[in-house]
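There are 2 protein chains.
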Amino acid sequence: MKLSILGCYAATPRTLTNPTSQVLEIRNHMFLIDCGEGTQVQLRKNRIKFSRINHIFISHLHGDHFFGLPGLISTFRLLGRDKEMHVYGPKGIKEAITLLLKLGDSWTNYPLIFHELTSKEPTILFEDDKVTVETIPLNHRVYTNGFLFREKPLERKLNIEAVRDLKIDKAHFRNIKGGEDVLLDDGRIIPNGKLTLDPPKPMSYAYCSDTQFKPDITEQIMGVDILYHEATFLETEKHLSAKTKHATAKEAATMAKMAKVGKLILGHYSTRYKSIDLFKEEAEEIFENVELAGDGRIFQF
Amino acid sequence: MKLSILGCYAATPRTLTNPTSQVLEIRNHMFLIDCGEGTQVQLRKNRIKFSRINHIFISHLHGDHFFGLPGLISTFRLLGRDKEMHVYGPKGIKEAITLLLKLGDSWTNYPLIFHELTSKEPTILFEDDKVTVETIPLNHRVYTNGFLFREKPLERKLNIEAVRDLKIDKAHFRNIKGGEDVLLDDGRIIPNGKLTLDPPKPMSYAYCSDTQFKPDITEQIMGVDILYHEATFLETEKHLSAKTKHATAKEAATMAKMAKVGKLILGHYSTRYKSIDLFKEEAEEIFENVELAGDGRIFQF
Chain E
1 MKLSILGCYA ATPRTLTNPT SQVLEIRNHM FLIDCGEGTQ VQLRKNRIKF SRINHIFISH
61 LHGDHFFGLP GLISTFRLLG RDKEMHVYGP KGIKEAITLL LKLGDSWTNY PLIFHELTSK
121 EPTILFEDDK VTVETIPLNH RVYTNGFLFR EKPLERKLNI EAVRDLKIDK AHFRNIKGGE
181 DVLLDDGRII PNGKLTLDPP KPMSYAYCSD TQFKPDITEQ IMGVDILYHE ATFLETEKHL
241 SAKTKHATAK EAATMAKMAK VGKLILGHYS TRYKSIDLFK EEAEEIFENV ELAGDGRIFQ
301 F
Chain U
1 MKLSILGCYA ATPRTLTNPT SQVLEIRNHM FLIDCGEGTQ VQLRKNRIKF SRINHIFISH
61 LHGDHFFGLP GLISTFRLLG RDKEMHVYGP KGIKEAITLL LKLGDSWTNY PLIFHELTSK
121 EPTILFEDDK VTVETIPLNH RVYTNGFLFR EKPLERKLNI EAVRDLKIDK AHFRNIKGGE
181 DVLLDDGRII PNGKLTLDPP KPMSYAYCSD TQFKPDITEQ IMGVDILYHE ATFLETEKHL
241 SAKTKHATAK EAATMAKMAK VGKLILGHYS TRYKSIDLFK EEAEEIFENV ELAGDGRIFQ
301 F
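Protein sequence lines correspond, in order, to chains E and U.
The first sequence: position 246 = 246 (UniProt numbering), numbered continuously.
The second sequence: position 102 = 102 (UniProt numbering), numbered continuously.
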């Protein structure tokens, strides 16, 4: 699992900071999460192939999370895309994109499929044999969802030495990897655990931005490997965080602790602070394993 | 008159090239012309004060000319703007911006005034005692206007030595600068030309992008000091230029020659070419005084 941070700052694009966008590479999928202005340039800078993106998840319709989308959708056409593109986001996103294209007498050469969201309950948006993606309902000034990405368990790995020693026929391999025991010709039953090795543990990633502190998502994100949680402010600006329905670094860390996540990544910093290290310091008072998102930073898990 | 090129490339924003936007500083006005994605970052890089911009002119509603506008309008609010902002552009621009703001439950703290255009005849958009701005109807795939910026003539300058030698009373100065002759007490009439000096010649700037070669604008832009004309293609791609209703460098130069302009600035280059010098070479075969726009380049006239 690989997370590329394209932008992780709040509010407006600046010379050195970009609004929110990230790419999650998970079991050969490349999911684009949010799309602030300038995302397509950030994709290029990070050498991410546009053609590998087939699903775009938009958390909410504030400009710093989706004003890069109309341009990106236009660029896909210029690049000659013909594959389907799926866009998941709050109701209204289809009308907005459609209007912008229509005004320019433009269109897409590829099927552009909108999945408009209105539910305030966790909802599965995507599922195949490798991963699931579901919404995490959040609390912000407008209707907002986070997204929970989960790898599905892989098949067990064949213990090559064990099956060779026991002279087990290849015809059984599929069943063995599926978890079955084997009945040998001599009547012995070999338990699956002796024939297989544990596969890599499935990973999970929870993206929570933008939101105020929302403890009732604890159960849904319990035990995820990685939690990206917004921390627009420090506790010194808690009054602003309450007013604007954002979270502080301390609140993000509290969320990480309550949900017993593996690692917390902070982002969506207000640009009012001299150094983002202050966010890490504040969070680490509550939760141990804290990382700071940074534009262009890549996390490999 | 000072022209700052923020972006001058066609189609999509890339790592090193920006879509169309420029700022014309003319008699203390700062006019923003077109606003492709990333314009607000380009404004910052060029150290242009956001607060000095009060008028934005949008040529047409293709993304590379206006997808930066929603973000810029939002940023003005974050910067605490309270002054009026005037946006001039094709009909539909108000609906688009309003919808995007509404979806984010956003608004502007300042009066945002749209001047929607539908006329296919030259139309005066702005006039004060210093400048006029009028549309130049162009031919592109969608309804498109260029813009013609003209300084108004300044008052004549007082010839200090002459009025001192003739002992002319200060009470006459305003009339003299207005062009009047003076009747002295001894009955002599002093012609204005002896009392004043020519003021700096008023400058004019014509912005023509995007458009196919359109000779019938010749009369309107005749003799302008500076013509910015799009040159998306070279003559070798004339078939594409016809199909997409763009111009070649040769056609831009032909326009410059026909309209007897002072200087031609080329821009809106397709990124398919290895070097933009090719555009200059092609244009110079027709017209002598050719400059190449470049992102971040400043022209001072």
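Heads up, the beta-carbon is just placed ideally off N, CA and C, and yes, glycines get one too.
Values in this document were obtained by computation on a predicted structure and should not be read as measured data.
At a cut-off of 8 Å, the C-beta of G92 (chain E) has a neighbouring C-beta in chain U.
Chain-ordered, the chain U residues with CB closer than 8 Å to the CB of L78 (chain E) read A11 and T12.
By the C-beta criterion, the region 120 to 133 of chain U is judged not to be in contact with the region 34 to 49 of chain U, since fewer than 3 inter-stretch pairs fall below 8 Å. Apart from sequence neighbours up to five positions away, the residues of its chain that approach N289 (chain E) with a beta-carbon distance below 6 Å are K263, ordered along the chain. When C-beta atoms of the region 176 to 183 of chain E are compared with those of the region 111 to 124 of chain E, fewer than three pairs fall below 8 Å, so the two segments do not count as touching. DSSP places H239 (chain U) inside the alpha helix (DSSP H), whose first and last residues are K238 to T244. Relative to L195 (chain E), the option among E:A162, E:Y205 and E:K201 whose CA is nearest is E:A162. Beta-bridge partners assigned by DSSP to N145 (chain E): E:P137.
DSSP, read as helix, strand or coil, puts F301 (chain E) in coil. For V87 (chain U), the uninterrupted beta strand (DSSP E) segment begins and ends at M85 to P90. Between I53 (chain U) and the set U:D34, U:G63, U:D64 and U:L61, the nearest pair of CA atoms involves U:D34.
For F126 (chain U) and R150 (chain U), the gap between their C-alpha atoms comes out near 10 Å. A Cβ of chain U is located within less than 8 Å of the beta carbon of A96 (chain E). Comparing alpha carbon positions, the residue from U:D105, U:L234, U:K238 and U:P19 closest to K274 (chain U) is U:L234.
If you look at Q22 (chain U), you'll find it isn't in any alpha helix (DSSP H); it sits in the beta strand (DSSP E) that goes S21 to I26.
Contact residues of the region 32 to 62 of chain E toward chain U are E37, G38, Q40, V41, R44, K45, L61 and H62 (C-beta to C-beta distance below 7 Å). Under the Cβ distance rule, S119 (chain U) does not count among the residues neighbouring chain E, no pair being separated by less than 8 Å. Residue contact check for P70 (chain E) against chain U: a CB pair falls below 8 Å.
In this structure, DSSP gives S275 (chain E) a state outside helix and strand, which the three-state scheme calls coil. For M222 (chain U), the closest alpha carbon among the candidates U:L184, U:S204, U:F287 and U:M1 is that of U:S204.
F114 (chain E) is bridged by DSSP to E:V87. With respect to the 8 Å criterion, R77 (chain E) and T39 (chain E) are not classified as neighbours on the basis of their beta carbons. Going by DSSP, A96 (chain U) is part of the alpha helix (DSSP H) stretching over I93 to L103. For the 8 Å CB-CB criterion, G146 (chain U) and S59 (chain U) form a contact. Contact between F299 (chain E) and A247 (chain E) fails: their C-beta atoms lie close to 20 Å from each other, not under 8 Å.
Bridge pairing for E127 (chain E): E:T132 [DSSP]. For P153 (chain U), the closest of U:R188, U:V142, U:A293 and U:P200 by C-alpha to C-alpha distance is U:P200. The beta carbon of R297 (chain U) does not come within 8 Å of any beta carbon belonging to chain E, so the residue lies off that interface. Residue contact with chain U for F67 (chain E): present (Cβ-Cβ distance below 8 Å to some residue of chain U). In its chain, beyond the 5 residues on either side, K120, E121, P122 and N145 have a beta carbon closer than 7 Å to the beta carbon of P137 (chain E).
In the DSSP assignment, G63 (chain E) falls outside any beta strand (DSSP E) and within the unbroken alpha helix (DSSP H) covering G63 to F66. Put simply, the CB of S270 (chain U) is far from chain E, with every gap to its CB atoms at 8 Å or more.
For G294 (chain U), the CB contacts under 8 Å within the same chain, skipping 5 residues up- and downstream, are I5, C8 and I276 in chain order. About 5 Å separates the beta carbon of K245 (chain U) from that of H140 (chain U), a gap short enough to meet the 8 Å contact definition. Per DSSP, the unbroken alpha helix (DSSP H) holding A253 (chain E) starts and ends at A249 to M258.
Cα atoms of K250 (chain U) and D210 (chain U): separation of roughly 15 Å, rounded to the nearest angstrom.
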